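Okay, structure first, notes after.
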Amino acid sequence: MRRWSSPPAQAVVSLLCGFEFLIHLPHYPSITMSDVQVEKAFQKQHGISLINIKKYGVKKASSTRFYKNVGLGIRTPTEAIKGNYIDNKCPFTSDVSIRGRILSGVVASTKMNRTITVRRDYLHYVRKYSRYEKRHRMISAHCSPAFRVDEGDIVTVGQCRPLSKTVRFNVIRIDRKATGAQKQFTKF
Numbered sequence: 003m004r005r006w007s008s009p010p011a012q013a014v015v016s017l018l019c020g021f022e023f024l025i026h027l028p029h030y031p032s033i034t035m036s037d038v039q040v041e042k043a044f045q046k047q048h049g050i051s052l053i054n055i056k057k058y059g060v061k062k063a064s065s066t067r068f069y070k071n072v073g074l075g076i077r078t079p080t081e082a083i084k085g086n087y088i089d090n091k092c093p094f095t096s097d098v099s100i101r102g103r104i105l106s107g108v109v110a111s112t113k114m115n116r117t118i119t120v121r122r123d124y125l126h127y128v129r130k131y132s133r134y135e136k137r138h139r140m141i142s143a144h145c146s147p148a149f150r151v152d153e154g155d156i157v158t159v160g161q162c163r164p165l166s167k168t169v170r171f172n173v174i175r176i177d178r179k180a181t182g183a184q185k186q187f188t189k190f
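Residues 3 to 190, numbered by this note's numbering, are exactly what the sequence shown covers, in order.
Laid out in structure tokens, this is it:
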């Protein structure tokens, strides 16, 4: 199904014989089931009963969406509240809790599906030479669809339960990299 940004007043339909017809369409919904269901298995939020929604008909869309405040002074993104994505590993729309370490680093890779790689640079002291050497660590972190992350962005990640073999952190805040600023010392 096509997703229309605004309801179209008319659409062109072509048949097998090559003729084109102009058809007036009624109000077309901006969100379709195919936009939300992108996995093979049916996706639904925990704690939301689809039977009651279908049976009683819920008027407000916000009452059919589960979201929470993760605490620690982190604001819940607007996309998590008003969005339509379903992510069972998101700290804002699922039962994943943030506890333990809160780290920040630079996004090194966004090639995985809903997972990013964060690079953390630090200095290690070598006693023999009384000098410091540069070192880094790469951390895999789950990135919710509520965030739009690019390589080079500075992100804050929070520790959570193991989400996969290598992922133990979740993105909780994004600080975009400065564009057009003068060259200056940065943390990363």
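Quick reminder that beta carbons are idealized off the backbone N, C-alpha and C, glycines included. These numbers were taken from a predicted model, which means no experiment stands behind them.
DSSP places K136 in no alpha helix (DSSP H) but in the uninterrupted beta strand (DSSP E) bounded by 133–144. Annotated three-state conformation of I50 is coil, per DSSP. Linking I156 to F44 through their CA atoms gives a straight-line distance of about 33 Å. Contact annotation, A148 with A82: C-beta distance approximately 4 Å; criterion of less than 8 Å satisfied. Counting C-beta atoms within 10 angstroms of its own C-beta, V128 has fewer than 16 neighbours from the protein chains shown and is therefore classed as exposed. In this structure D152 is in contact with V109, their Cβ atoms being roughly 7 Å apart against a cut-off of 8 Å. In the structure shown, K113 adopts extended strand secondary structure according to DSSP, grouped into three states. Residue state for T119 is assigned as strand, using DSSP reduced to three classes. When R175, Q161, K167 are compared, the shortest CA-CA separation from R101 is found for Q161. Around the C-beta of I50, fewer than 16 other C-beta atoms lie within 10 Å, and the residue is accordingly described as exposed.
Partner residues in a beta bridge of T95, as assigned by DSSP, do not exist.
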